[in-house]
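Q:
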Amino acid sequence: MPFFYNTDGRLIQVDSALQAVSRGSTTIGLKTKEFAVLSSQVRPTRALLDAAEKIFVVDDHLGATGSGYIGDVNTLVDEVRVAAQRHRLVYDTPIDVTTLSRGLSQFLHAFTMHPVRPFGASVILAGADELGVHLVQVDPSGTTFRGQGFAIGKDADPALEAISQGYRPDLTVEEALALMTRAIEGANGGKSQIEHGVVRLATRKFERLPLAT
Amino acid sequence: MPFFYNTDGRLIQVDSALQAVSRGSTTIGLKTKEFAVLSSQVRPTRALLDAAEKIFVVDDHLGATGSGYIGDVNTLVDEVRVAAQRHRLVYDTPIDVTTLSRGLSQFLHAFTMHPVRPFGASVILAGADELGVHLVQVDPSGTTFRGQGFAIGKDADPALEAISQGYRPDLTVEEALALMTRAIEGANGGKSQIEHGVVRLATRKFERLPLAT
Amino acid sequence: MPFFYNTDGRLIQVDSALQAVSRGSTTIGLKTKEFAVLSSQVRPTRALLDAAEKIFVVDDHLGATGSGYIGDVNTLVDEVRVAAQRHRLVYDTPIDVTTLSRGLSQFLHAFTMHPVRPFGASVILAGADELGVHLVQVDPSGTTFRGQGFAIGKDADPALEAISQGYRPDLTVEEALALMTRAIEGANGGKSQIEHGVVRLATRKFERLPLAT
Amino acid sequence: MPFFYNTDGRLIQVDSALQAVSRGSTTIGLKTKEFAVLSSQVRPTRALLDAAEKIFVVDDHLGATGSGYIGDVNTLVDEVRVAAQRHRLVYDTPIDVTTLSRGLSQFLHAFTMHPVRPFGASVILAGADELGVHLVQVDPSGTTFRGQGFAIGKDADPALEAISQGYRPDLTVEEALALMTRAIEGANGGKSQIEHGVVRLATRKFERLPLAT
Amino acid sequence: MPFFYNTDGRLIQVDSALQAVSRGSTTIGLKTKEFAVLSSQVRPTRALLDAAEKIFVVDDHLGATGSGYIGDVNTLVDEVRVAAQRHRLVYDTPIDVTTLSRGLSQFLHAFTMHPVRPFGASVILAGADELGVHLVQVDPSGTTFRGQGFAIGKDADPALEAISQGYRPDLTVEEALALMTRAIEGANGGKSQIEHGVVRLATRKFERLPLAT
Amino acid sequence: MPFFYNTDGRLIQVDSALQAVSRGSTTIGLKTKEFAVLSSQVRPTRALLDAAEKIFVVDDHLGATGSGYIGDVNTLVDEVRVAAQRHRLVYDTPIDVTTLSRGLSQFLHAFTMHPVRPFGASVILAGADELGVHLVQVDPSGTTFRGQGFAIGKDADPALEAISQGYRPDLTVEEALALMTRAIEGANGGKSQIEHGVVRLATRKFERLPLAT
Amino acid sequence: MPFFYNTDGRLIQVDSALQAVSRGSTTIGLKTKEFAVLSSQVRPTRALLDAAEKIFVVDDHLGATGSGYIGDVNTLVDEVRVAAQRHRLVYDTPIDVTTLSRGLSQFLHAFTMHPVRPFGASVILAGADELGVHLVQVDPSGTTFRGQGFAIGKDADPALEAISQGYRPDLTVEEALALMTRAIEGANGGKSQIEHGVVRLATRKFERLPLAT
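Written out as structure tokens, the structure reads:
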């Protein structure tokens, strides 16, 4: 059995890693000119267990969320946190989102070239810098997507469909959060616990929002 | 046969490692605001054999227990003990539980990325620091869980069910120990030898309790 | 199963990598004595997603495009960008296209000799230097082609056929762009979003053109 | 075929190594508060062949025996001998039994984590230090057992059964040796050549006893 | 499946590499006492594509051609070019052909001994030095042949047959070129585009000749 | 197929190496308190071929013989020769036989632990030092045997049987040589060419004896 | 499939390498007290191809020939040539034949121990030093043979038979060359082109003889 490509020229381990992502919790990102929002379903857990953190502060102006193997998501979040701090130390300025996502992309890509495994996680980054508000999705293959809205994890397709339907460039943060909630609950078919994060162009601050049920 | 992912995108060796954990002795952790308790069944052994240590002091304010391959549990406990001492040497303060569990999580995760085997053991950490009482479970994949109660090893599900039923935020240590004993004995279907450990917010000391039969 | 050659003496992983290229978006390069043009179909994407960058500025006088795995294309573009900057630092002159493409060729070839995977991407470079206008295609095997016109990716054959039919050495840039658009749309069987880039001998500047639908 | 875990989550090479141990010669350890005894059957060998050494002096206060592949047993005994001497050199005191057995355990465990083979041998250590008399068994997986009595090798179960039956905390050394001999001969079904070693708390000296038939 | 030898004692990867060579373009070398000529069919290519360079200047007095995987041929030509320049730097004299071909032979041989792949290319070197005119063929196994005439690539056998028939030690360069052209066209069954190179003892200069159709 | 252990816990490569030994030429060692003798059948060879050296002088007081793959035997003999000389250089005394055989044993054992092959040869060492006369056999697994008599190679069992029958502690060297010759010829079923070596306690000199037919 | 030993304890790659040798050209060595001769059939080659060098001068007093993969033979000859020159540099004397052949033997043996391939070539060395005339054959396994006559390559058995029949210790060089020629031609069934080399005790010079048909 081939380790890298199958006979159709597909990277079989990357495809498996994407399968792992598609089993993760439903996770959405959305942005307008003024702000970006990250939302991730907190999977209904058993009693006595704290909900897992799904929205991560990377730096003052930057947040992340992810879906897939939790250990993989956490490792990638650590990776970008360290990159952001290193940038501050070296250049004494906050890292811009494009530089950060490119570094993450190269990190992920390297794991597809050698006889190790690619990460089983996709990450969505949201940030605000001098160039405006950014929303970026990075996949196990190291591919980077940019846009106004992304959905990853379980039932990503209906969730994205819902966002696309409700999207307007002049959404307020509150409207956006309501839209995200509807999209996740619609995809999952019921009331869900959801964690949100938001970054605004005006403040360039990324904040995690209190858990809403 | 693939080494890392199967075609469903599952990490096959991590799944095997979790199987190894599920054959270990029934082990429980529980916490309230005031204290955390660790309890682990000491498997009925043959004559002349000392019961294996199941509750480990990691540092003054921190204890651990685990389930799975004994050699793997011990190696992980050594790992966190050294990390705790290194922290004292470098910063001259006790390590906080979050930093310690994150390090353990990264250590375990690294073994899932390369052509070695993941550890066949899960660990529960209990500690008290300036932020309060902590109870954390770390799995072979490097995933970290936080909460009021965990069960790992054989018959973890009925044991956790029993704890959930009897849990109250105002439990005393004595009530908690009785609850843990009932949970383990209920799961195993009979009287068991159980080792306990407890850490209190008031004292920030982790103590192993004398073996109770 | 052999890792490198099959019994017919074909490099099986290189053939798989070429398969990956043939699934990429239709991408064309064309040059005359006066200019070179790169054009790449921007695949119809879902709502809210920004079109991926398909035409890359490598240096003032040099551009690139590619087809295949996006992470692989990006890594190769980064590779040539760094090579171009390194050349400027060391020699204080812009890198000539032949030196750059030879370096890329050697980089790709090295990945066919050892137990890693070859890149799943072909790249077309367009540039202008003291020797005139250059158009070069580099394949996963490290093979370099030079000429007046190339097509890679999905439906490369009909696209190349269309270009060959319409090619004249005295094409203007505008005529060339119209020809490229017809070739891509003809191959894909309908109106497409296409990104273009152009470099002229007169100015030795490579520019990305605004997205035309 | 998997190299580390099988689908039940068992470490297949460790299980094979334990099989190798179970084919070794019957070997027993036993301790009271006052002394510890090691006994190992010297397998009936062919004419002209000296009986293999089965009881090893590790340091003045410490002895070892083992069962399994002879080359593996010898390598492990060398390992602990060197550790004991290194301890004397560095700290100028005899090594305590717990430190020594923990080091052996870590050494064995490391061979279960990487693509080499685990040792096909179990070792029993007997020693006396400031904390009293110690009897420790270490397995190919790096698991350490402590207790009053152990049996490894062929027919370990009936041999251990015999010891358990005859064990009293107030055994004299002579009674213990007689018990060990009965246990080994009972398990093997006949008169055996047995090598013994003994360490007493009073003297903290480990001695090999003359071969008894 | 064995990686190196099959049960008949043949090096299976070298045989595969030779298969790759036998699919390359028909390529011939011929020498007399006064000169050596290299000729290689330039395969009929599609419109707009420049013919690939088939005759390579290695140093003033030395040229090369090759057949097989293009990336492999180019890498080998780079290898000998660097060796020739290094020799000039170290000894301040042009490298003699025997030293150069021996180095190439060792380079190729090393790739047959370890778990990488042998090169899928044969090379013919032509040069003139103090010892006269040299013509050398080096194969993927590192075997070196010396002689008056060689043919490699597709239809090498009939091409060599044709050369052998027409060879005379007193051929002029022009007669030799005509003979080579007839040999390639005869083997391929029709008019071909052919690239030639020539080195003369009198001048010790290797020159590529303008492409003749 | 497993590389190290089979499911019965046997080291499969070591077993294969022992098979290789059992195809070697019949080789015997024997000792009394006063001397040790090594004897090895020199296999009937074809005309014009010198008989291979079968008895090796390791140091003044030490000799060796072996059976199995000749290249492996020679490598092991070189190994002990170098060890003996190194000992003289460092300590300025001849190496004692126990130290030498332990080193050989460790050397052989290391090749059973990693993904290389164990040596396909057993070695018998004979020497005289301050502790008396020594006869040691070392196997591919690194196992060391000590005793009055050993036989390895083809028909080792009947040869050993013959020695055991004829052995007396008060044998003279001449009687011992006659016994060894009878044992080898009896096992092989006919007159054989045999090479002998002898070391005496009185002289502490190991000598090869002239070839006897 | 096992990489090193098969279940009969044979080194499967060494056996394959010997198969490769047995396909090489018929090659013979023969010595008397006064001289040694090496002879190797130069295989009938196609027109225009120079006969390959089959007899190699290693040093003034030393020559070699070989059979098997040509690239392997050449690499081994280079190996001994460098060893001979290194010896001259370090000790300022010509290397003796025994030291040289032992080094070659160790070099070849090392390639049988690790996951690379053994060399597919046997070598015959002929030399004269202070100890007389030497004739040595070294095989892919690193086994060294010494004697009056050897044959390797295709039809080695009948060729050796012919030499054995005609051998006399008082042969002259001319008689020996005639015998070698008859042996090779008899084995191959017809007139052959043969290359010879000779070294005499009187002169201690190894010379290649002009090609005889």
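Protein chains in written order, with the numbering used here: chain H, 2 to 214; chain P, 2 to 214; chain X, 2 to 214; chain G, 2 to 214; chain F, 2 to 214; chain A, 2 to 214; chain L, 2 to 214.
Every residue gets a Cβ at the ideal spot worked out from N, C-alpha and C, and that includes glycine.
Please read all numbers here as calculations on a predicted model, not as lab measurements.
(1) What does a CB cutoff of less than 6 angstroms around Gly25/P pick up in its chain, not counting 5 residues either side in sequence?
(2) Which value, in whole angstroms, describes the spacing of the CA atoms of Lys206/X and Leu126/X?
(3) Run through chain G and tell me which residues come within less than 8 angstroms of Phe120/A, C-beta to C-beta.
(4) Please work out which residues of its chain come closer than 7 angstroms, Cβ to Cβ, to Gly72/A, disregarding the five sequence neighbours upstream and downstream, and give them in chain order.
(5) Cβ atoms of Ala157/L and Thr27/L: under 8 angstroms apart, would you say?
(6) Determine the contact status of Leu101/F and Val124/F, defining contact as a CB-CB distance below 8 angstroms.
(7) Should Tyr6/G be labelled buried (16 or more other beta-carbon atoms within 10 Å of its own) or exposed?
(8) Pull up the distance between the alpha-carbon of Pro211/X and that of Glu175/F, whole angstroms please.
(9) Determine whether the Cβ of Pro116/A lies closer than 8 angstroms to any Cβ atom of chain B.
(10) For the alpha helix (DSSP H) containing Ala84/P, list its first residue and its last residue.
(11) If you drop the 5 nearest sequence neighbours on each side, which residues of the same chain put their C-beta closer than 6 angstroms to that of Asp97/L?
(12) Have a look at Thr94/L and His62/L and give me their C-alpha separation to the nearest angstrom.
(13) Are Gly148/G and Asp60/P close, meaning C-beta to C-beta below 8 angstroms?
(14) Measuring CA to CA, which of Ala84/G, Thr66/G and Arg169/G is closest to Leu49/P?
(15) Closest to Ile195/F by C-alpha separation, out of Ala18/F, Thr46/F, Gln86/F and Val74/F, would be which residue?
(16) Skipping 5 residues on each side, what residues in its chain have a beta carbon closer than 8 angstroms to that of Met2/X?
(17) Just to make sure I have the definition right: I need the residues of chain F whose C-beta is within less than 7 angstroms of the C-beta of Gln14/L. Which are they?
(18) Would you decide whether Val91/F is buried or exposed? Buried here means 16 or more other CB atoms lie within 10 Å of its CB.
(19) Looking at chain F, which residues of the stretch 144-155 of chain X have a Cβ within less than 8 angstroms of any of its Cβ atoms?
(20) Less than 6 angstroms between C-beta atoms, sequence neighbours within five positions excluded: which residues of the same chain meet that for Arg209/H?
(21) Name the DSSP bridge partner or partners of Phe57/H?
(22) On the DSSP bridge list, what partners appear for Phe207/A?
(23) Does the beta-carbon distance from Ala179/H to Ile164/H come in below 8 angstroms?
(24) Looking at the strands, I want to know which residues DSSP matches up with Asp130/A.
(25) Look at the alpha carbon of Asn189/X and the alpha carbon of Thr76/F, and state the distance between them as a whole number of angstroms.
(26) Give the straight-line distance between the Cα atoms of Arg11/P and Ser17/H, rounded to the nearest whole angstrom.
(27) Buried or exposed for His115/H, going by 16 or more other Cβ atoms inside 10 Å?
(28) Can you tell me whether DSSP reads Gln194/X as helix, strand or coil?
(29) Does the distance from the CB of Thr113/F to the CB of Val15/F come in under 8 angstroms?
(30) In chain P, which residues lie with their C-beta within 9 angstroms of the C-beta of Ser165/G?
(31) Does the beta-carbon of Lys32/L have 16 or more other beta-carbons within 10 angstroms, so that it is buried, or is it exposed?
(32) For Val124/F, which three-state DSSP category applies?
(33) What's the call for Val83/P, buried or exposed, on a 16-neighbour Cβ count within 10 Å?
(34) Quick one: measure Cβ to Cβ for Ala218/X and Leu172/X, integer angstroms, because I've assumed they're closer than 8 angstroms.
(35) What's the call for Ala1/G, buried or exposed, on a 16-neighbour Cβ count within 10 Å?
(36) Mind checking who Phe151/X pairs with in its DSSP beta bridge?
A: This is what the structure gives:
(1) Within the same chain, Gly25/P has close Cβ partners Ser68, Gly69 and Gly154.
(2) Each residue's Cα considered, the two are about 14 angstroms apart.
(3) Contacts between Phe120/A and chain G, judged by CB atoms closer than 8 angstroms, are missing: the closest CB pair is about 12 angstroms apart.
(4) For Gly72/A, where only same-chain residues beyond five positions count, there are no Cβ hits under 7 angstroms.
(5) Yes, the Cβ-Cβ distance between Thr27/L and Ala157/L is below 8 angstroms.
(6) Result no, Cβ atoms of Leu101/F and Val124/F do not sit closer than 8 angstroms.
(7) That one is buried.
(8) Separation of Pro211/X and Glu175/F (C-alpha to C-alpha, rounded to the nearest whole angstrom) is 56 angstroms.
(9) Included in the structure are the protein chains H, P, X, G, F, A and L, with no chain B among them.
(10) Per DSSP, Ala84/P belongs to the alpha helix (DSSP H) from Ile71 to Tyr92.
(11) Correct list, in chain order: Asp130.
(12) The straight-line gap from Cα to Cα measures roughly 11 angstroms.
(13) By the CB criterion at 8 angstroms, Gly148/G and Asp60/P fall outside the cutoff.
(14) Closest in alpha carbon position to Leu49/P, among Ala84/G, Thr66/G and Arg169/G, is Arg169/G.
(15) For Ile195/F, the nearest C-alpha among the options comes from Thr46/F.
(16) Confidence at Met2/X is low in this model, with a pLDDT of 49, below 50, so its placement is unreliable and the value that follows should be read with caution. Answer for Met2/X: no residue qualifies.
(17) Per Cβ cutoff of 7 angstroms: Phe5 and Tyr6.
(18) By the neighbour-count rule (16 or more Cβ atoms within 10 Å), Val91/F is not buried but exposed.
(19) Within the stretch 144-155 of chain X, the residues whose Cβ lies closer than 8 angstroms to any Cβ of chain F are, in chain order, Thr144, Thr145, Phe146, Arg147, Gly148, Gln149, Gly150 and Phe151.
(20) Excluding residues within five positions, the ones whose Cβ falls inside 6 angstroms are Ile56 and Gly198.
(21) Phe57/H is bridged to Ala65/H.
(22) According to DSSP, which records beta bridges pairwise, Phe207/A is partnered with Val200/A.
(23) No.
(24) By DSSP's assignment, Asp130/A forms a beta bridge with Gly133/A.
(25) Approximately 37 angstroms between the Cα atoms of the pair.
(26) Going from the Cα of Arg11/P to the Cα of Ser17/H covers about 8 angstroms.
(27) Classification of His115/H: exposed, given that the 10 Å Cβ count is below 16.
(28) Three-state DSSP puts Gln194/X in a strand.
(29) Yes; because the gap between Cβ atoms is below 8 angstroms, this pair is in contact.
(30) Neighbours of Ser165/G in chain P, taken as residues whose beta carbon is under 9 angstroms from its own, are Arg47, Ala48 and Leu49 in chain order.
(31) Answer is buried; the Cβ neighbour count reaches 16.
(32) Here DSSP, grouped into helix, strand and coil, assigns Val124/F to strand.
(33) The residue is exposed, with fewer than 16 neighbouring Cβ atoms inside 10 Å.
(34) No information on residue 218/X is available, as it lies outside the stretch 2 to 214 that chain X covers here.
(35) Residue 1/G falls outside the range modelled here, since chain G spans only 2 to 214, and no answer is possible.
(36) When beta bridges are read from the DSSP output, Phe151/X appears opposite Gly30/X.
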